[in-house]
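Q:
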Amino acid sequence: MAAPVPVATHPHERSGFGWTRADFARVQALIHQRAGISLRDDKHAMVYARLSRRLRETGHASFDGYLRWLQRQGESEWQEFINALTINLTAFFRERHHFGALATLLRQRPGGPWKIWSAAASTGEEPYSIAMTVLQTLGPEARWQLTASDIDTRVLETAAGGVYRASALKGLDGQQLRRFFLRGRGGNQGLARVRPELRECVTFLRVNLADDGWPFGEAFDVVFCRNVMIYFDARTQRRVLERIHRVLKPGGALFVGHAENLGASSDLFAPCGRTVYERV
Ligand SMILES: C[S@@+](CC[C@H](N)C(=O)[O-])C[C@H]1O[C@@H](n2cnc3c(N)ncnc32)[C@H](O)[C@@H]1O
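Using the working numbering, the letters of the sequence shown map in sequence onto residues 1 to 280.
In C-alpha cells:
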C-alpha cells in the first residue's frame, strides 16, 4: 500500500496532526453522507484549519485517530463535525433585488396568509431581512408565518440570539434600524440586538436539506433556498429541488442564489424573475 501523502499545513502549526490526503478524502466522504456537501479538493486547507480546532477540543493527536473515534460517536459529535465544516457567509438584504420581488409578491395578497421558509438561514440575516420586508410591506395586521432553518446548530443559536455587530447592519436604512434594532450601550457598544417584535416573527429549527424527513407538508407560499445548493452535487441538488417542490404550494415562489441555476429542473420550476422561480 502506498504511504499516506502529508498535506502541507500552516508553517506555524507544530504538529500537523498527521494530516494526509487520505484523511481529507475521508472527511469529503463523511460530510457528503451527512450533509450532502461536496467539498472541493481545493478546500483542504480550510478543512484542516476548521477540524484541527475540534481535534484540540476533543484531545486527539491525529486526524486518523479523530476520524476513527468520530465513527463511534453519537449525533452530538456528528453535529460538531458538521458545524465545523459549513460555510455560513451571509448578509442582511443580500441580493437586494429579491426583497423587492418579495414585496411585489406580497402586495398581491395584502392581508395574507403567507407561509415563508428560509431554508439555509445561517446566522439569521436572511430571515430577519424577509421579516422586515413583510412588516414594512403588509403592516402589523396581516397574517403570515416565517420558518428559518439550517443544518448548523451553532449558527441557529446566533440567529435566535439576534445580536449582530453594528457594522453588519450597513445594508439597512435609518428607518429599519430604528424600527427593528436596539443599539448596544456600555459593554455592548458596537453591537445591535433585533427588537423582540422582529425576533418573535421567526421560528428557528434545524433541518438538513439532504435528509428525507422534512417536518413540513405542502405548506409554503415562498421558499428562500439561497447560496446552499452550490455546495451540493447535481444529484443532491435535484433531490432537494424535488422536496422543495413537494412543500411549496402550486404557484409558490422559490428564491435561489445568484450562482444557482435551475435549468436542469425546468419540469419542477419555471423562471419568473431574476433567480426567482415559480413552482410548476
Ligand atoms: C453560504 S450560507 C447562505 C446563507 C443565506 N441563505 C444567504 O444566502 O445569505 C449556506 C448555509 O447553508 C447551510 N447548509 C449547508 N448544508 C446544508 C444542509 N444540508 N441542510 C441545511 N443547511 C445547510 C450552512 O450551514 C450555511 O449556513
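Every residue gets a Cβ at the ideal spot worked out from N, C-alpha and C, and that includes glycine.
Please indicate yes or no: does the CB of tyrosine 231 lie closer than 7 Å to some heavy atom of ligand 1?
A: Mapped onto the sequence shown, residue 231 falls at position 231. Checking the Cβ of tyrosine 231 against ligand 1 gives yes.
Q: Kindly indicate the opening and closing residues of the alpha helix (DSSP H) around glycine 174.
A: On the sequence shown, residue 174 is found 174 positions in, with the first residue counted as 1. Segment 174 to 180, the alpha helix (DSSP H) holding glycine 174.
Q: Just list the residues that DSSP pairs phenylalanine 99 with in beta bridges.
A: Your numbering for residue 99 matches position 99 in the sequence shown. None; phenylalanine 99 has no bridge partner.
Q: Using only the alpha-carbon positions, how far apart do glutamine 73 and glutamine 79 sit?
A: For the purposes of this step, residue 73 is taken as the residue at position 73 of the sequence shown. For the purposes of this step, residue 79 is taken as the residue at position 79 of the sequence shown. Approximately 10 Å, taken between the alpha carbons.
Q: Have a look at Arg195, Glu197, Ala166, Lys170 and flag the residue whose alpha-carbon is nearest the alpha-carbon of phenylalanine 189.
A: As a first step, residue 189 is located in the sequence shown; it is residue number 189 there, counting from the start. In the sequence under discussion, the amino acid at residue 189 is glutamine, which differs from the phenylalanine named in the question. When only C-alpha atoms are compared, the closest one is Ala166.
Q: In the DSSP assignment, the beta strand (DSSP E) including isoleucine 31 goes from what residue to what residue?
A: For this step, residue 31 is matched to residue 31 along the sequence shown. Here isoleucine 31 belongs to no beta strand (DSSP E); instead the alpha helix (DSSP H) covers 21 to 35.
Q: From Ile244, Leu135, Thr147, pick the residue whose C-alpha is nearest to that of arginine 284; which is it?
A: As shown, the chain starts at 1 and ends at 280. That puts residue 284 outside it, with no answer to give.
Q: By how many angstroms is the C-alpha of leucine 198 removed from the C-alpha of proline 250?
A: On the sequence shown, position 250 is the one that residue 250 refers to. On the sequence shown, position 198 is the one that residue 198 refers to. Taking the straight line from one Cα to the other gives about 29 Å.
Q: Could you tell me which residues DSSP puts in a beta bridge with lysine 115?
A: Reading the sequence shown from its first residue, position 115 is the one you call residue 115. Answer is Gln145, bridged to lysine 115.
Q: Less than 8 Å between the beta carbons of serine 129 and phenylalanine 93, yes or no?
A: On the sequence shown, residue 129 is found 129 positions in, with the first residue counted as 1. On the sequence shown, residue 93 is found 93 positions in, with the first residue counted as 1. A contact, by the Cβ cut-off of 8 Å.
Q: If contacts are defined as beta-carbon pairs under 8 Å, then phenylalanine 24 and alanine 61 qualify, I think. What distance do you get, rounded to the angstrom?
A: Counting from one through the sequence shown, the residue named residue 24 turns up at place 24. Counting from one through the sequence shown, the residue named residue 61 turns up at place 61. About 18 Å; that fails the 8 Å criterion.
Q: Is the beta carbon of arginine 279 sitting closer than 8 Å to the one on leucine 248?
A: Here residue 279 refers to the residue found at position 279 when the sequence shown is read from its first residue. Here residue 248 refers to the residue found at position 248 when the sequence shown is read from its first residue. In contact: arginine 279 and leucine 248 (Cβ atoms closer than 8 Å).
Q: Applying the 10 Å Cβ sphere with the 16-neighbour rule, what's the burial state of glycine 186?
A: As a first step, residue 186 must be located in the sequence shown, where it is residue number 186. Under this definition glycine 186 is an exposed residue.
Q: Assuming threonine 275 and histidine 258 make a contact with CB atoms under 8 Å, what is their CB distance in whole Å?
A: Mapped onto the sequence shown, residue 275 falls at position 275. Mapped onto the sequence shown, residue 258 falls at position 258. Their Cβ separation, rounded to whole angstroms, is 6 Å, which keeps threonine 275 and histidine 258 in contact under 8 Å.
Q: Do the CB positions of threonine 137 and leucine 106 come within less than 8 Å of each other?
A: Start at 1 with the first residue of the sequence shown, and residue 137 comes out as number 137. Start at 1 with the first residue of the sequence shown, and residue 106 comes out as number 106. In contact: threonine 137 and leucine 106 (Cβ atoms closer than 8 Å).
Q: Helix, strand or coil for proline 250? Go by DSSP, reduced to three states.
A: Taking the sequence shown and counting its residues from 1, the one referred to as residue 250 is at position 250. In this structure, proline 250 counts as strand in the three-state DSSP scheme.
Q: I'd like the span of the beta strand (DSSP E) that includes glycine 65, first residue to last.
A: Numbered from its first residue, the sequence shown carries residue 65 at position 65. Segment 63 to 70 is the alpha helix (DSSP H) holding glycine 65; no beta strand (DSSP E) there.
Q: Decide if methionine 229 is buried, meaning its Cβ has at least 16 other Cβ atoms within 10 Å, or exposed.
A: Along the sequence shown, one-based indexing puts residue 229 at 229. Burial call: buried.
Q: What number of angstroms, rounded off, separates the C-alpha of arginine 195 from the C-alpha of alanine 160?
A: Taking the sequence shown and counting its residues from 1, one reaches residue 195 at position 195. Taking the sequence shown and counting its residues from 1, one reaches residue 160 at position 160. Rounded to whole angstroms, arginine 195 to alanine 160 spans 12 Å at the Cα level.
Q: Tell me the rounded alpha-carbon separation between aspartate 152 and glutamate 200.
A: Against the sequence shown, residue 152 aligns to sequence position 152. Against the sequence shown, residue 200 aligns to sequence position 200. About 21 Å.
Q: Let me check you understand the geometry: is the CB of glutamate 126 closer than 7 Å to at least one non-hydrogen atom of ligand 1?
A: Stepping through the sequence shown from its first residue, residue 126 is reached at position 126. The answer is yes for glutamate 126.
Q: Specify, as a first and last residue, the run of the alpha helix (DSSP H) that threonine 90 falls within.
A: Numbered from its first residue, the sequence shown carries residue 90 at position 90. It is not in any alpha helix (DSSP H) - threonine 90 carries neither H nor E in the DSSP assignment.
Q: Measuring straight from C-alpha to C-alpha, what distance separates tyrosine 231 and tyrosine 277?
A: The residue you call residue 231 lines up with position 231 of the sequence shown. The residue you call residue 277 lines up with position 277 of the sequence shown. Their backbone Cα atoms lie some 20 Å apart in a straight line.
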